[in-house]
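Chemist:
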Amino acid sequence: LKEKHKILHQLLQNSTSPVDL
Amino acid sequence: PEAADLRALARHLYEAYLKYFPLTKAKARAILSGKTGDNATFVIHDMKSLMEGEQFLNCRQIPIQEHHISGQGPTNAVELRFFHSCQSRSAEAVREVTEFAKSIPGFTDLDLNDQVTLLKYGVIEVLIIMMAPLMNKDGTLISYGQIFMTREFLKSLRKPFCQMMEPKFEFSVKFNTLELDDSDMALFLAVIILSGDRPGLLNVKPIEQLQETVLHALELQLKLNHPDSLQLFAKLLQKMTDLRQIVTDHVHLLQLLKKTEVDMCLHPLLQEIMKDLY
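Listed in order, the protein sequences are those of chains H and Z.
First residue of the first sequence? That's 164 in our numbering, and the numbers climb one at a time after it.
First residue of the second sequence? That's 8 in our numbering, and the numbers climb one at a time after it.
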């Protein structure tokens, strides 16, 4: 599941700034 | 749990809500009722005002889409261009909802796969609930409250774009009669996120336990904040059923768009969420 949802996974693991999106 | 603990949880979630969601219901209602003291809200009511209003819109787009769209005639491209700026804002909103979810006590201790599943299935429901405070029967605030777009204009777009927002207006107008405030909304959003019946969850029990605590906090909050509103808690829970149908229809519309619009390219984050969803 994590593999198929890399961005969601990344958002959960880090604080992603708006620029990264 | 003790009432004091439930109140502390309500306060904590309200603070997180204020931290991560820039346009609160209080602010949106002030703008909609003209009580902000300025007349800065730009109204989009036709194609001309849409073109004029585009500079206000969050227009960060994937370059390849920009290239594709600029090759089209302006009348055909305008819906797609607007749709792309909606997608950018939605992706940003997903990030805000994720940060809010992470602030729910116990959420980040859940299995990481389950955190992904809860967000995948919960985030569109949360976004639709969060649209309600921005809407009235005549239109909706967009672009962080800088623009008011009329319902009639959205209905006038070509098919299937014209079908996207009308169900949300119908839902929101009814939802707004419950008169929740931002502190109620914070708890309700947490309840939605912590739904133990999402497909593919690995470990349901801790999710249900977390949800039960937030449900207690919501019930107490509504009793204290709306003492005269009978059955508000039950009415609110009923909305969760309506919400699932709206999301299912929304996803089907997006799938239709993907098939019919050659130049439509879904934002990668939204693609992840939509894939294999319902």
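Just so it is clear, CB atoms sit at the ideal spot from N, CA and C, and this is done for glycine as well.
What whole-angstrom Cβ distance do Z:I214 and Z:G129 have, given they're in contact under 8 Å?
Modeler: About 11 Å; that fails the 8 Å criterion.
Chemist: Short of 8 Å in beta carbon distance, which residues of its chain neighbour Z:A10, apart from the five on each side in sequence? Order them along the chain.
Modeler: Correct list, in chain order: L227.
Chemist: Closer than 8 Å by C-beta to Z:D121: which residues in its own chain qualify, once you throw out the five before and the five after it? Chain order, please.
Modeler: The answer, listed in chain order, is L208, L209, N210, I214.
Chemist: Which residues mark the beginning and the end of the beta strand (DSSP E) in which Z:I111 is found?
Modeler: Z:I111 -> no beta strand (DSSP E), and no H or E assigned at all.
Chemist: Nearest CA to the CA of H:L171: which residue from Z:C93, Z:G60, Z:T105, Z:F28?
Modeler: Out of Z:C93, Z:G60, Z:T105, Z:F28, Z:T105 has the C-alpha closest to the C-alpha of H:L171.
Chemist: In the region 14-47 of chain Z, which residue ranges form an unbroken beta strand (DSSP E) of at least 3 residues, counting only runs that do not cross its ends?
Modeler: Counting whole runs of 3 or more residues, the region 14-47 of chain Z contains no beta strand (DSSP E) stretch at all.
Chemist: Find out if the Cβ-Cβ distance for the pair Z:M192, Z:M137 is shorter than 9 Å.
Modeler: Yes, the pair counts as a contact, with Cβ atoms nearer than the cut-off.
Chemist: How would you call Z:P312, buried or exposed, if buried means at least 16 neighbouring beta carbons within 10 angstroms?
Modeler: Given a span of 8 to 285 for chain Z in the structure shown, any question on residue 312 of chain Z remains unanswerable.
Chemist: What is the DSSP secondary structure of Z:N183, counted as helix, strand or coil?
Modeler: Residue state, collapsed to three classes: helix.
Chemist: Using 9 Å as the limit for Cβ to Cβ distance, is Z:P275 near chain H?
Modeler: So, interface residue.
Chemist: Z:Q153 and Z:F63 look like a contact to me (Cβ under 8 Å); what is the Cβ gap, rounded to whole Å?
Modeler: With 8 Å as the limit, Z:Q153 and Z:F63 qualify as a contact, their Cβ atoms being about 5 Å apart.
Chemist: Are any of the Cβ atoms in chain Z nearer than 9 Å to that of H:K167?
Modeler: By this cut-off, H:K167 is an interface position.
Chemist: At the level of alpha carbons, what is the spacing between Z:N183 and Z:A139?
Modeler: Distance between the alpha carbons of Z:N183 and Z:A139: 7 Å.
Chemist: Quick check on Z:V133: buried or exposed, where buried means 16 or more other Cβ atoms within 10 Å of its Cβ?
Modeler: Buried, since its Cβ has 16 or more Cβ neighbours within 10 Å.
Chemist: Under the three-state reduction of DSSP, which class applies to Z:L134: helix, strand or coil?
Modeler: Looking at Z:L134 - three-state DSSP - the assignment turns out to be helix.
Chemist: Less than 9 Å between the beta carbons of Z:A101 and Z:I280, yes or no?
Modeler: In the sequence on display, residue 101 of chain Z carries Val and not Ala. Yes; because the gap between Cβ atoms is below 9 Å, this pair is in contact.
Chemist: Assuming contact is defined by CB atoms lying nearer than 9 Å, are Z:R158 and Z:F176 in contact in what I supplied?
Modeler: Yes.
Chemist: Please identify the residue among Z:Y285, Z:D283, Z:L273 whose C-alpha is closest to the C-alpha of Z:H91.
Modeler: Looking at the Cα atoms, Z:L273 is the closest of the given residues.
Chemist: To which residues of the same chain is H:L174 closer than 8 Å at the C-beta, ignoring the five residues directly before and after it?
Modeler: The answer is none, since no qualifying residue turns up.
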